[in-house]
Every structure is written in structure tokens, then in C-alpha cells.
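Chains as they are written, first to last, in the working numbering: chain A, 1 to 293; chain B, 294 to 721; chain C, 722 to 1034.
Note that CB positions come from ideal geometry on N, CA and C, so glycine has one too.
Bear in mind the structure is a predicted one, so any value in this text is a computation, not a measurement.
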Amino acid sequence: MELGPYLLFASLEGLVHAAVLSLIALGLSLVFGVMRIVNVAHGEFFMLGAIITWWVSSFVSGNPAIGFLLALLVVPIIVGMTAVLSDWLILRHLKYDPEATIIATIGILYIIQQFALMTFGPDAKPVEQPFNIRLDLYWFGFSAYKFFVIFSAIILLLAIWLVMSKTKFGLILRATQLDSETAQAFGIPISRVYNIVFGLGAAIAAVGAVLIVPIQQAHYLMGGEPLLLAFIVVIIGGLGSLKGTVAAAILIGMSDGIISVFFSPNIAKILATLLVVVVLIIKPNGLFGTTKT
Amino acid sequence: MKKNSKSNLSRRKLMKSIAAVGSISAMPGFVNYSQASSSAPIRIGFQVHRTGIGAAYGRWYDRTTQAAVKIINDSGGINGRPLEIISEDDGTDPKRGAEALEKFANQHNCDVAFGTLFSHVVIGSAPRAGELKLPYFVVSEGHHVASGMLNRYTLQPGITDVKSQVQAMAPFVKDNLGKKVTMVYPDFAFGHDHRDYFSAAFESQGGEIIAKVPIPPTESSFSKYFPKIPRDTEVLYHVMVGPAVLTFVKELGEFYGSKGPKLFGFIDSVEAVDLNTPGLEFLDGSYFWEGNPRYAQDNQTVHDQFYRTAVGVDKNGASVSDPKDVSTYAHMFGCWETLHIIKKGMEVSGYSDVKDRSKLIEAVESMNNMPLSQAHPQGAKIFNGKTHQTFGHQYITKMTNGKLVLAHTTSIEDTFYPDEVDYTKQSF
Amino acid sequence: MRKDIILHLSALLFLFLLEILGIFSEYHQGNFARILVLAAYGVGYNILFGYTGLLSLGHALFFSAGLYASGLSIYHLDYNIEQSLFLAICISALISLIIGFLALRTIGVSFMIVTLMFSQIAYLSILYFGSITRGDEGFVIQQSSRVFLSMDLSNPKIRYYSALLIFSLCMLINLWIAKSPFGRVLVAIRENSDRALMLGYNVKLYKLFSIIISGTISGLAGACYGILFGYVGASFAAVSYSIFPLLWVLIGGAGTVLGPLIGAIFMFYLIDYASDITDAYMIIVGVALLFVTLFARRGIIGELRFRYYKWIS
Chain A
1 MELGPYLLFA
11 SLEGLVHAAV
21 LSLIALGLSL
31 VFGVMRIVNV
41 AHGEFFMLGA
51 IITWWVSSFV
61 SGNPAIGFLL
71 ALLVVPIIVG
81 MTAVLSDWLI
91 LRHLKYDPEA
101 TIIATIGILY
111 IIQQFALMTF
121 GPDAKPVEQP
131 FNIRLDLYWF
141 GFSAYKFFVI
151 FSAIILLLAI
161 WLVMSKTKFG
171 LILRATQLDS
181 ETAQAFGIPI
191 SRVYNIVFGL
201 GAAIAAVGAV
211 LIVPIQQAHY
221 LMGGEPLLLA
231 FIVVIIGGLG
241 SLKGTVAAAI
251 LIGMSDGIIS
261 VFFSPNIAKI
271 LATLLVVVVL
281 IIKPNGLFGT
291 TKT
Chain B
294 MKKNSKSNLS
304 RRKLMKSIAA
314 VGSISAMPGF
324 VNYSQASSSA
334 PIRIGFQVHR
344 TGIGAAYGRW
354 YDRTTQAAVK
364 IINDSGGING
374 RPLEIISEDD
384 GTDPKRGAEA
394 LEKFANQHNC
404 DVAFGTLFSH
414 VVIGSAPRAG
424 ELKLPYFVVS
434 EGHHVASGML
444 NRYTLQPGIT
454 DVKSQVQAMA
464 PFVKDNLGKK
474 VTMVYPDFAF
484 GHDHRDYFSA
494 AFESQGGEII
504 AKVPIPPTES
514 SFSKYFPKIP
524 RDTEVLYHVM
534 VGPAVLTFVK
544 ELGEFYGSKG
554 PKLFGFIDSV
564 EAVDLNTPGL
574 EFLDGSYFWE
584 GNPRYAQDNQ
594 TVHDQFYRTA
604 VGVDKNGASV
614 SDPKDVSTYA
624 HMFGCWETLH
634 IIKKGMEVSG
644 YSDVKDRSKL
654 IEAVESMNNM
664 PLSQAHPQGA
674 KIFNGKTHQT
684 FGHQYITKMT
694 NGKLVLAHTT
704 SIEDTFYPDE
714 VDYTKQSF
Chain C
722 MRKDIILHLS
732 ALLFLFLLEI
742 LGIFSEYHQG
752 NFARILVLAA
762 YGVGYNILFG
772 YTGLLSLGHA
782 LFFSAGLYAS
792 GLSIYHLDYN
802 IEQSLFLAIC
812 ISALISLIIG
822 FLALRTIGVS
832 FMIVTLMFSQ
842 IAYLSILYFG
852 SITRGDEGFV
862 IQQSSRVFLS
872 MDLSNPKIRY
882 YSALLIFSLC
892 MLINLWIAKS
902 PFGRVLVAIR
912 ENSDRALMLG
922 YNVKLYKLFS
932 IIISGTISGL
942 AGACYGILFG
952 YVGASFAAVS
962 YSIFPLLWVL
972 IGGAGTVLGP
982 LIGAIFMFYL
992 IDYASDITDA
1002 YMIIVGVALL
1012 FVTLFARRGI
1022 IGELRFRYYK
1032 WIS
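1. Where does A:Leu109 land, buried or exposed, given buried means 16+ other C-beta within 10 angstroms?
2. Just curious, the alpha helix (DSSP H) that B:Asp367 is in, first and last residue?
3. Report the rounded CA-to-CA distance for C:Ile1037 versus A:Phe115, giving the unit in angstroms.
4. Please list, in chain order, the chain A residues whose beta carbon lies closer than 8 Å to that of C:Ser817.
5. Checking 8 Å against the spacing of the C-beta atoms, do B:Ile508 and B:Thr526 come in under that value?
6. Using a cut-off of 7 Å between C-beta atoms, extract the partners of B:Ile416 located in chain C.
7. Considering only their Cβ atoms, is the gap separating C:Thr827 from A:Leu339 smaller than 8 Å?
8. Inspect the CB distances between the stretch 83–101 of chain A and the stretch 209–221 of chain A and report whether three or more fall short of 8 Å.
9. Within 8 Å of any Cβ in chain A, is that where the Cβ of B:Lys517 sits?
10. Verify whether the separation of the beta carbon atoms of B:Arg352 and B:Leu394 is less than 8 Å.
11. Which of the residues in the stretch 101–128 of chain A, read from start to end, lie with their CB under 7 Å from any CB of chain B?
12. So is B:Gly370 in contact with chain C if we call contact Cβ pairs under 8 Å?
13. Hey, could you find the ends of the alpha helix (DSSP H) B:Leu427 is sitting in?
14. Does any C-beta atom of chain A lie closer than 8 Å to the C-beta of B:Ala482?
15. So what does DSSP say about A:Glu2, is it helix, strand or coil?
16. Compare the C-beta of B:Ala333 with all C-beta atoms of chain A and state if any pair is closer than 8 Å.
17. Under 7 Å between beta-carbons, which chain C residues line up against A:Ser264? List them in chain order, please.
18. Would you call the stretch 966–977 of chain C in contact with the stretch 798–807 of chain C, where contact means no fewer than 3 C-beta pairs closer than 8 Å?
19. Below 8 Å, can you find three or more Cβ-Cβ pairs linking the stretch 807–820 of chain C to the stretch 742–761 of chain C?
20. Given that a residue counts as buried once 16 or more other Cβ atoms are within 10 Å of its Cβ, and exposed if not, what is C:Arg880?
21. Would you decide whether B:His436 is buried or exposed? Buried here means 16 or more other CB atoms lie within 10 Å of its CB.
22. Does the Cβ of C:Leu778 lie closer than 7 Å to at least one heavy atom of the ligand HEM?
23. Pairing CB atoms from the stretch 383–393 of chain B with CB atoms from the stretch 341–356 of chain B, are three or more of them under 8 Å?
24. Tell me, please, whether the CB atom of B:Gly695 is closer than 8 Å to any CB atom in chain A?
25. According to DSSP, is A:Arg134 part of a helix, a strand, or is it coil?
26. Suppose the cutoff is 6 Å on Cβ atoms and the five residues either side in sequence are ignored; what does the same chain contact list for B:Ala398 look like?
27. On the criterion of 16 or more Cβ atoms from any shown chain inside 10 Å, does B:Asn662 qualify as buried, or is it exposed?
28. Please name the residue in A:Met47, A:Leu239 and A:Met254 whose C-alpha comes closest to that of A:Ile112.
29. Three or more beta-carbon pairs under 8 Å between the stretch 725–732 of chain C and the stretch 610–627 of chain B, yes or no?
30. Could you please give the first and the last residue of the uninterrupted beta strand (DSSP E) stretch that includes B:Arg336?
31. Does the stretch 767–783 of chain C come within contact of the stretch 891–902 of chain C, defined as at least 3 CB pairs closer than 8 Å?
32. Between B:Phe548 and chain A, is any beta-carbon pair separated by less than 8 Å?
33. Alpha carbon to alpha carbon, how far is B:Gly500 from B:Lys467? Give it in angstroms, no decimals.
34. For B:Thr475, write down the residues that DSSP places opposite it in a beta bridge.
35. Cα separation between C:Ala955 and C:Pro877?
36. Chain C beta carbons: is any one of them nearer than 8 Å to that of A:Val233?
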């Protein structure tokens, strides 16, 4: 393909990738920032979102758009509740000790993944696109649904930004993120906030899953790769920064598309991973600045 | 996936009986019981992809195996002894595959092991089979058996290998589709066999491979690779495996619509995929290699009819109980045929227990012609005892009105190539 | 002190007697050979995590460094076992030095993520250089290459003894470290690195030594795994092989000499048993991880030491 159309194609593909990735990474970053814990099970909440979408859409017959809209409504709630429950049952009792939390979320990762294997089964299962329109862009075709994914992600990101910056809830989150002890002294119920944030982080990832399933199919092993990419995005974008996360997601999403084609997909991943290592080593005090580790 | 046929002693039951015998220290006395009586079942360890990226193949390999066992047992078993399948998940992972063989040989005291498709699992498991001196019948398509990489205990008598398949495809592609080919294939052993042997065969026919596009087997989105396919490609040769194959073909259709190059694919790209899924309409008119035609053809043999019914597959290649559950029809016949070959080998060699394992291998090695029959519903085969590899007819079908219709059948001779190894010279 | 040494030596003697008295069935003999090599890997992990208090999520990097160093040198360069083992030890020591030097610039959660990322880079590189490493499918070390001092290492008996020998070696190094002033400094760093620093210890240097010892033992275990079981593949470099040693050590008891062995035996048979009941047997790993973090932070040996036998190392 000629360079011009090729760049257009790679940018479009990269934007779809970046749209979903920024949602997943944003969920991770929220939990990372406010609760100061690493949620290794984040990718599995994404996967859970995908398989529940499949269930919802196979439950609803008729126009696939109805099932899709229903999923968009129901799936984040179910996934969010699951996360709230696991925080309430497990993480709360560990007092969010960084080491114990990482180990426990690895445990949650395996439990969710294997639970999916038991109930959903080992096969990849497709979900029909809510509308099946192929746009012919002369040099190549592109699915209209993919534009819809980009568009929805932008709307969602704007909504999240509004909530974070303009509402009282957002203020509470920012206060907790800045200094949880002082926030507590001012009467913010920290443990409730943590509980909600953990659920919210998973729910945002689940929205990403609902959007991507009509393109990529649901599979019980699909949580691993987005988790690593989300880590990369969050670390490169800077912790707790919405703009940074989105910018990093676009960078990673685009470069994956472009480097994969010119060189090899593994090289794209190796480079991104190396970049993370460099960022972390240059900031030797750790992700959480100088406050604590 | 739990089966209740009486021929299939479930592993759980077996575990319970082991538990009943007691602790580790009590086990040596237990090991030999199956040899105590001549009517004891013949135990076949079945290595199966129940989980991991090969699960769709595993499910249908399992169904085919159970069906074949039922047929064999209903007609008197092997030397009057019933067959018993002991299955073990390999997780589509080479390390677990090797451990499964250990369980078969040492814990379940199996007579032989069989199964499994993905080449890395076979390559990881075969050395253990050699060390355990456990005959290991694989149904994997890979060229690794005939390449001489494995050992005397590993055989592939029930399914042809990639090298012979692609070699037989090359003339058809050149004569009917075009001379400039771009290949898209998974970036591991199976795909490399395609890359190396198809390009060699195609170039010797006077064709040209203008680009090669490898894709990692764990990839879940494919569009970004398609710009690598040159504009002047006349034929796109595609082969893909893994859980994301449907995404692969859908995105291919999205990218090209009806304007793309002619398509020649290995059915692997759409194996276990319903061809009437929305978005796959662009495949109409494209050609596929099939090990065994998924749709019942007009000239269907009575043997295919029998086999299809026994396994529970309808004339469209889907499960009779669920038309959405499409089989891996192009590959799974290998399990049926392999079990029949084990049966014949055991009968010819007068197999009675594990000390006759080498006699069994010699008996299979001396097999040659396998005519079309109930035991070989896919077609006649010629087995090469030296390379442990079978050779057979290949089918090319054309997607016509949502069905795959037979367009060409190759001769067995089309698939021959010079021997690369003589396993019979290796000692047991 | 003496009771302690007698306990550990008799554990090794017990493992030796199990074999020499023919108590094992073939199946369990094979399992225990695997477990012993994996437990040696656990011992390596424990030195960094249990004694020095550094949680690595990337030890599969060291394990696979040894595995591939020995495997590739046998496969491509026709090295014999001695040469390949020597090479594996050198390479894993060198890699531990480099990774340690870089990763120790970070602490806490960053350290965990950096190690995870390094190991991910190693995994992807194995796939990328597929023409040398044979990527996902891996390669076989032929039986004919697996001969050491004219002993066939694929013979089950010899394999068991070799595995026991490797494990004993690693365990005794661990025991020696635990008893030595060096080991006590590591524990001091684990308990309170600021205080150790104020007492005048070069904390970073101690941590670096700890990573080198830990990585080299893990690499040695990896090399032996490939040589004894004849297969080298990328799945050993995947994330799950970084999680397993963490799990063994947590279950057996972090900072105890016998912990990794107990944890490895326990988990191996638990997974083996679970896989007969369900395809989703890895759920056991998840449940076990939650159980130890919620209810049994000290692990089996750690709990015994805490409650009854204060003298156990």
C-alpha cells in the first residue's frame, strides 16, 4: 500500500486501539492513584465484561443493537459490583498493604479467569456488531462500527473528566488521592471511597470490553495483554493524570499499529516495555512520588 | 464434556480407585493390575486440548475419539478386549503435554498414547514418549514427524503432514488462481512449514511469492498486518489458527470487501467457524484446502456418511444437536483413523501388554496401503513406515452460496516427497 | 544450632531414602524429580523475597536465562553438560547483575513492576528471535546429549538423584546464608532498611548481592530443568513462572530454608489433584494465594517456627 493511505489506515486502527486502551488504563490509573495499590486483576475485569456482553447479547434475540445497548447498561454494573465485592471481602482486610494487595489481586486474577473457563468455556465467542456497515475508503475498507468505538470512547472520557473536575464526588476522589489521611480528618469516609473507586475502575474497563467485543470476540484468556498495555500506559502517562493517560494510550495504540507493520509486533511491545523500565528507573522514588511506596 | 459411555472410565473414577489403594507407599503393588487378566481393557492415553488456544480442536477431537471407541468396542474391541480412553488436558502447552504422557505411562499404565494437534505440544511431548518407551500416535499435521526431528516412538499414521498438503496445492493455485502470491501465516512451526514448503513448491512450478506476512499466534486483531500485502498480489494465501480466526477473516473482509485479490485459504482459517456469520459473505467464490470436506458432497461415500453420523455431525459440518457448533471436520477424522490403525496394529502384532509395545510399532511401520473404508472415511492412504508419516488425497473446495463445494481432489502421488529420515533404523 | 542442621540434613536423607528404598511409584518418582528442581528455583526466589524482602514479579527471567543458556548451547553449539551448566551459571549471574543494578534504582511497587517488565521483555525476545530459540514451540534436547559423566540423565533413577543433588546444593547454600553474618544483614534490611543503612551497611550492595545469588540459583535450576527433562520452551519464561515461586515460598514460609520445598510439593499435588476434577484447575492457585495473604501470612514452616520451634532456620 502507498504511504499516504497506509498512514491513514494505521492512524484509524491506532485510534480504535487507543480508544479502548485509554478506557482500560483509566480504570487502572484511578485505582492506582486514589488507593495507591496495583490491581493485577484489572485485565480480568475487562475479560469479565467481554464474556458478560456475550451472555447478554445471546440472551436478547432480534436486532443486535438492542443486546448491545443492554450490555452497555448492565455489564459495567455487574463487573463493578464484582470488584466492589472483592474489595470488601479481601483487599479491605489487607489494609491495602502494597505487597499483600499485589499478591491478593494475582489470586483474584486466577479465580476470575478460571471461573470464566468453567462457565463460559474455553472457546472464543463472537458478538454481532450492533450495525454491520462497511465504509469503502477507496484504498481499503473500514467498519463504521469502529468509528463508533472511537466516538463513544471520546464521549466517555469527556464525561469522566467532567465528573472528576466539576462534581463533589470528583473533589472527594482528588482529595483522597492527594492525601488520604488529611481527607479522612476532614470527614471523608475513606474505606467507602476506596470501595467505590475499586468498583468504578473495573466498571470503566468493562465499558471498554463492551465496545471491543463486537470487533474481537470474547475469550477467557483475553485479559492478559490489555493488563500489560494498561500498565505501560499508566506508567508512561503519569499516575492519576487523565490527560497523560489518554496521551500515552494514543502513543502506544498508534505506535503498535505502525511499528508492527514496518518491523514486527513483538518489537513494538518490547520497545514499549523498555520505555516503561526507563521511566521507572529515571523516577527512582517510585510511582507515588516521595510520599511513600 | 463429561461422557457417560461405559467404555470411558472417567479419570475421576480412576483417581478414586487409586485413592482407595492408598498412600504413595502402597502404589507399586497396584501398578500391574491391568495386565492380570486378558480381558482387561486396552488403555489409550488421550492427550487433548481442553483449555488454552486449541480448545475448539480439543472438543471435536474428543467427540471423534469417543465415537470411534464406541464403534470399535461395539464390534468386539481389540483382540476381544475393550478400549478405554483416559484423557488428560494438555492446556495447549508443551510442558503440560509432556507431563500428561508421564501420567499415562506411569500412573494410568496406558498401553499407548495418542492425540493432540498443536505442533509445539507434540514437539514438547515426543521426547518424553521416547524416554518412557510409550508409543505416541499424533494427529497434528505438522511436518515434525517426517522431518526426522522426533523418535521411533512417535508416529503420525492418521493424518497427512503440511509439507505434502501444500506441495499438492501449488499446481492448482498456479493453474487456476494466479502466479503472484502473498502468504499470510501464523508465526510458529506450523506456519513456517507452510511458508517454507509452499513457497518452494510454488516457485518450482514457476510461480512467485511476492510477500510473506507472519502473524504471532496470540494476536487478537489483524487489520494492521493487511497493508503489508502488496497491491499487485494476485492470490492471497492465508492460513491462521487459534481462538481469533473468526476475527481474522472478518477483518480481511472488512479490509478488502469484494475488491481484493483471489483468496486461497487453508480451512484452518475458518475451522470451527460458522461460514454464514455476518461479515463473511466476501469469502464466496474463494478456495479452501480441506483435509476432509466439511459439507457432505454430492459424491459422498457411504463411509463418510457412516463416520459423520457416528460422530454426530450434520451435512453442513455442525453438531447435530447445535447447528452453531461447527466441527473441525478437516482435521478430526485423523483421530478416528488413528484409533483404527492402533486396533489393526495391535491385532496384527498380537499385542497383549506393554512389553509388546515395540511389536506394535513394528506392525504399524509395516503397514502400507490403507484403502478407503469405514476405518479410513477420509479416503485411501499410503503409510510410509520409514518416516512414520501417512500420505493421502487432499481436497480443494470452493465457497459457493455459503457452502464449500468440492472443486478438485489431488492424487496421493501429488503429495509424495523424498524421505528425510528412516526411523526403523533407530533402536527401541 | 545443631538441632537445626540435623533437621535439614535429615530432610535430605529422607528424600534420599524415599528413592533408595524404592518407596516411590514411577509416577511419583518423576513428579518428585520435577518438584526438587522447581524447589531449587523456589530457594533462589526465597533468598530475594524471603530474606531480603524484595518482591520480584519477574523471576521467570532468571529461570529461563539458565534454561536457554544451557539449552541453546547444547542445541546449537554441541556443548556437553558440564560446559552448558557452567555457561548457564555465568549467564544468569551476569543477567542478575545487570537487572539488579537497574531494578534496584527503584523500590516498592516500582521494583515489582520493573522486574515484571524485564521478564516480559525476555519473554518477547525469545519469541522475536524465533529462528534461534524456536519461539513458542521450543526445542528438544536429545537424549544422546543428556549424558553427564557417562550417566544417562533421562534414566528415572539417575534423574531423581541429580535433582536431589541440585536441590541439596541450593538448600545448603541457603542454610549457610541464613546462618552467616551476611544473611543476618539481609534480614535486617528486610525488617528495616533505613536502620540497616544507619548502622553503616551498604544496603544497595547487599541487595545487589542478594539478587545475584537469587538469580544465579534460579538460573541453575532452569538449566537443570531443561537438561533433566529434555525440553526448552517459551512457556517457562511466561508470567506464570514468575508467580509460581512466589506462591511456593508464601505457602511454605518466606524466609525459611525448607519453605520452598514444602510449598512446591504442596502446590504440585494440589494442582495435580484439582486437574482431575476440573479443567479450571488453576483456580487452586488463585485460592491458595488469597488464603495465604488473608489467613496464613507466615506460611507452613513460618507458622511452625513462630509457634513451636524457634530454632528452625
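In this structure, then:
1. By the beta-carbon neighbour count (other beta carbons within 10 angstroms, threshold 16), A:Leu109 is buried.
2. Residue range Ala348 to Asp367 is occupied by the alpha helix (DSSP H) that includes B:Asp367.
3. Nothing can be reported for residue 1037 of chain C, as the shown portion of chain C is limited to 722 through 1034.
4. Within 8 Å Cβ-Cβ: nothing; C:Ser817 doesn't reach chain A, min ~16 Å.
5. For the 8 Å CB-CB criterion, B:Ile508 and B:Thr526 do not form a contact.
6. In chain order: Glu858, Gly859 and Val861.
7. Chain A is shown only over 1 to 293; residue 339 of chain A falls outside these bounds and no answer can be derived.
8. Touching, no, given that fewer than three Cβ pairs across the two stretches are closer than 8 Å.
9. B:Lys517 counts as touching chain A.
10. Cβ distance not < 8 Å, so B:Arg352 and B:Leu394 don't count as in contact.
11. Those residues of the stretch 101–128 of chain A that come within reach of chain B (Cβ to Cβ, closer than 7 Å) are Leu117, Pro122, Asp123, Ala124, Pro126 and Glu128.
12. Taking Cβ atoms only, chain C never reaches closer than 8 Å to B:Gly370, which makes this a no.
13. That residue, B:Leu427, is in no alpha helix (DSSP H); it is neither H nor E in DSSP.
14. By this cut-off, B:Ala482 is not an interface position.
15. Reduced to three states, the DSSP call for A:Glu2 is coil.
16. Taking Cβ atoms only, chain A never reaches closer than 8 Å to B:Ala333, which makes this a no.
17. Simply Tyr849.
18. Touching, no.
19. By the Cβ test, the stretch 807–820 of chain C is not in contact with the stretch 742–761 of chain C, since fewer than three Cβ pairs between them sit closer than 8 Å.
20. In summary, C:Arg880 is buried, with 16 or more beta-carbon neighbours lying within 10 Å of its beta-carbon over all protein chains present.
21. The residue is buried, with at least 16 neighbouring Cβ atoms inside 10 Å.
22. As for the ligand HEM, it is missing from this structure, which has no ligand bound.
23. With the cut-off at 8 Å, the stretch 383–393 of chain B and the stretch 341–356 of chain B touch.
24. The Cβ of B:Gly695 sits no closer than 8 Å to any Cβ of chain A.
25. Looking at A:Arg134 - three-state DSSP - the assignment turns out to be strand.
26. Leu425 and Leu427.
27. B:Asn662 should be labelled exposed.
28. Here the closest residue by C-alpha is A:Met47.
29. Counting Cβ pairs under 8 Å, fewer than three are found: no touch.
30. From DSSP, the beta strand (DSSP E) with B:Arg336 extends over Ile335 to Val341.
31. The stretch 767–783 of chain C vs the stretch 891–902 of chain C: in contact.
32. Any Cβ of chain A closer than 8 Å to the Cβ of B:Phe548 would place that residue at the interface, and such an atom is present.
33. Taking C-alpha positions only, B:Lys467 is separated from B:Gly500 by approximately 6 Å.
34. Per the DSSP secondary-structure output, B:Thr475 pairs in a beta bridge with B:Ala504 and B:Leu529.
35. If you take the alpha carbons of C:Ala955 and C:Pro877, they lie about 25 Å apart.
36. Closer than 8 Å: no.
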